[in-house]
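In my numbering, the protein residues as written are 1 to 429.
All C-beta atoms in this analysis are idealised placements derived from N, C-alpha and C, irrespective of residue type, glycine included.
Notes for the one structure printed next.
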Ligand code: ATP
Ligand code: MN
C-alpha cells in the first residue's frame with residue numbers, strides 16, 4: 001500500500017495550474033451538482049476543492065462520507081468557485097479509511113458541541129480549525145520561549161517527575177506505589193532546578209507537574225505545564241526582567257507569525273506594552289483599602305481581592321515584595337525589611353501567571369527556615385547537601401504555560417488550551 005503525498009494542500013498555489021499532484025487528507029464536505037461532485041479536502045496546512053468528473057470517479061465517490069481519509073491524484077486547474085482560486089481535478093481517489101457515522105461531534109463546528117463532548121472526542125475536535133489553531137499557537141509560543149531563554153544562556157534540563165520524598169512541604173502531592181516504596185508526583189522542579197545552578201548556572205525546564213487539589217476553577221488542573229527557570233547570580237528583579245521578555249517575545253512572535261490562527265480564532269494578538277508595572281504587596285493592600293477591602297499586612301490575597309485589584313490593573317503587572325509568612329521556606333527576605341520577601345507574582349488582571357523570587361543560598365539559613373516552617377529537615381538531606389558544595393546566590397520563577405496560553409488566546413478555560421486536561425473529575429481520554 002502506498003500513501004505518500006507529493007504536496008501539502010497549503011503549499012499549492014496558482015502557479016501550479018496544469019501540474020499533476022497527489023494530495024491527501026480528510027473530507028470536510030461533499031456536494032453533488034449535476035454531473036459533478038465537489039469534495040472539500042483538508043490536511044493540516046489547508047483546504048482544497050476537488051472536482052470529480054466521469055462515471056468512474058462518481059462511482060468511487062458514492063461510498064465516501066465526511067471525515068474519511070482519502071488520497072487524490074489530480075491536476076491543478078483554475079476554479080470558478082468564489083472561495084478557491086484553483087482546484088484539483090481528480091483522476092484517481094484512494095479511500096484510505098472511512099469514518100464511522102454518526103460522529104460524536106461535528107468537527108466543522110457548524111453544530112456547536114459543549115466542551116465535555118469535545119474533550120471526550122479530542123482527536124476529532126482537532127479537525128475543528130479553531131481547536132487546531134489553539135495548538136498551533138501553543139507550539140509557536142513554546143518555540144519562542146525556548147528561543148528567548150536560549151538566547152539568554154539558559155540551558156534546558158529535564159528533572160524527575162517521580163520523587164521519593166515530599167519536597168516543598170508535601171501538601172497536595174499525588175502519591176503512588178513505587179514497587180515496595182512510597183513515591184510522589186512532582187509538584188514543581190523547585191529543588192532540582194536550584195541544585196542545578198551549581199554547575200549550569202542558568203537552567204530552564206518545560207514539563208508537566210501535578211497538584212492533588214480538588215479545585216473546580218477555569219485556571220486549575222491537576223496536571224499542568226510549567227515553564228521554570230533558575231539562574232545563578234541573579235536577583236528577583238533580574239529574573240522579572242527575563243520573565244517580561246519571555247512573555248513579550250512570545251506575544252510578539254505570535255502577533256507576527258500566526259496571522260492565520262488569529263483570524264480563525266477571531267482574535268488580535270498584540271505585543272504587550274512594557275515595562276510591566278511592579279506593584280508592591282503593600283501598595284496593593286492600600287489600593288484594596290480604597291476599594292473598601294480592609295486587609296492586614298500579612299493577609300493573603302484571596303480570589304475576590306485579586307479580582308478587585310485586576311480591575312485597576314487589567315493587563316500584565318508584577319505583584320512584588322510579599323510578606324515572608326506567605327512564602328515557601330526557600331524564599332529570601334528583603335535586606336531593609338526582614339518581614340518582607342524578595343518575591344513576586346506575575347499577574348494578568350486577576351489571574352496569577354507566575355511566582356518567583358530570590359532564593360536562600362546560605363545552608364544555615366535554609367535549615368533554620370525549614371525548621372521555622374515546621375518541616376522535617378531530614379526529608380531534605382539530599383537537597384541541603386548540595387548547599388554545602390558552594391551554592392551561588394540564585395533566583396527563579398515558575399510560569400503556568402496553560403494560563404499564559406489562555407491569556408494569549410483570550411479563552412478563559414485552561415481546559416480549552418490543553419489537549420487532554422486532567423481535573424478532579426476528568427481522567428480520560
Ligand atoms: P494558585 O494560587 O493560582 O493556585 P499557586 O500559587 O499555587 O497558584 P505556584 O505554586 O506559584 O501556583 O505555581 C507557579 C505557576 O504555575 C502559577 O502561577 C500558575 O500559573 C501555575 N499553576 C500552579 N498550579 C496550577 C494548576 N493547578 N493548574 C494550572 N496552572 C497552575
Ligand atoms: Mn504562586
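Residues lining the ligand ATP by the Cβ criterion, that is a Cβ closer than 7 Å to any of its heavy atoms, are 188, 211, 213, 215, 219, 220, 221, 222, 224, 226, 345, 352, 353, 354, 355, 398, 399, 400, 402, 403, 414 in chain order. Here residue 187 is near residue 168, since their CB atoms are less than 8 Å apart. By the beta-carbon neighbour count (other beta carbons within 10 angstroms, threshold 16), residue 104 is exposed.
Taken in chain order, the complete alpha helix (DSSP H) segments of 4 or more residues contained in the segment 120-197 are 122-125, 129-151. Rounded to the nearest angstrom, the Cβ distance from residue 221 to residue 354 is 16 Å, too far for a contact under 8 Å. The three-state reading of DSSP puts residue 317 in strand, counting E and B together. Selection 41, 282, 257, 26 evaluated against residue 271 yields 257 as nearest (Cα-Cα).
Here residue 264 has 129, 130, 133 as same chain residues with Cβ atoms under 7 Å from its own Cβ, once five neighbours each way along the sequence are excluded. In the structure shown, the three-state DSSP call for residue 96 is strand. The beta carbon of residue 405 sits closer than 6 Å to the beta carbons of 138, 417 from its chain, once the five residues preceding and following it are set aside; these are given in chain order. A distance below 6 Å between beta-carbons, with the five flanking residues on each side excluded, links residue 98 to the following residues of its chain, in chain order: 68.
Around the C-beta of residue 273, fewer than 16 other C-beta atoms lie within 10 Å, and the residue is accordingly described as exposed. Bridge pairing for residue 76: 88 [DSSP]. Fewer than three beta-carbon pairs drawn from the segment 151-166 and the segment 310-323 are found closer than 8 Å, and the two stretches are therefore not classed as touching. Sixteen is the threshold: when 16 or more other Cβ atoms of the shown chains lie within 10 Å of the Cβ of residue 409, as they do, the residue is buried. Bounds of the beta strand (DSSP E) holding residue 206 are 202-210. The alpha-carbon of residue 332 is positioned some 15 Å away from that of residue 238. DSSP, read as helix, strand or coil, puts residue 275 in coil. DSSP places residue 371 in the helix class (H, G or I) of the three-state scheme. Taking the CA atoms as reference points, residue 412 sits about 41 Å from residue 362. Relative to the Cα of residue 255, the nearest Cα in the group 249, 269, 246 belongs to 269.
Between the segment 102-117 and the segment 196-211, the count of C-beta pairs closer than 8 Å stays below three; the two stretches do not touch.
312 is the residue among 143, 38, 185, 312 whose C-alpha sits nearest the C-alpha of residue 287. Taking a C-beta distance under 8 Å as the contact criterion, residue 235 and residue 395 qualify as a contact pair. In the displayed model, residue 281 falls within a helix according to three-state DSSP.
A direct Cα-to-Cα measurement between residue 140 and residue 146 gives close to 10 Å. As the crow flies, the alpha-carbon of residue 226 is around 9 Å from that of residue 189. Under the Cβ criterion (8 Å, minimum of three pairs), the segment 2-10 counts as touching the segment 43-51.
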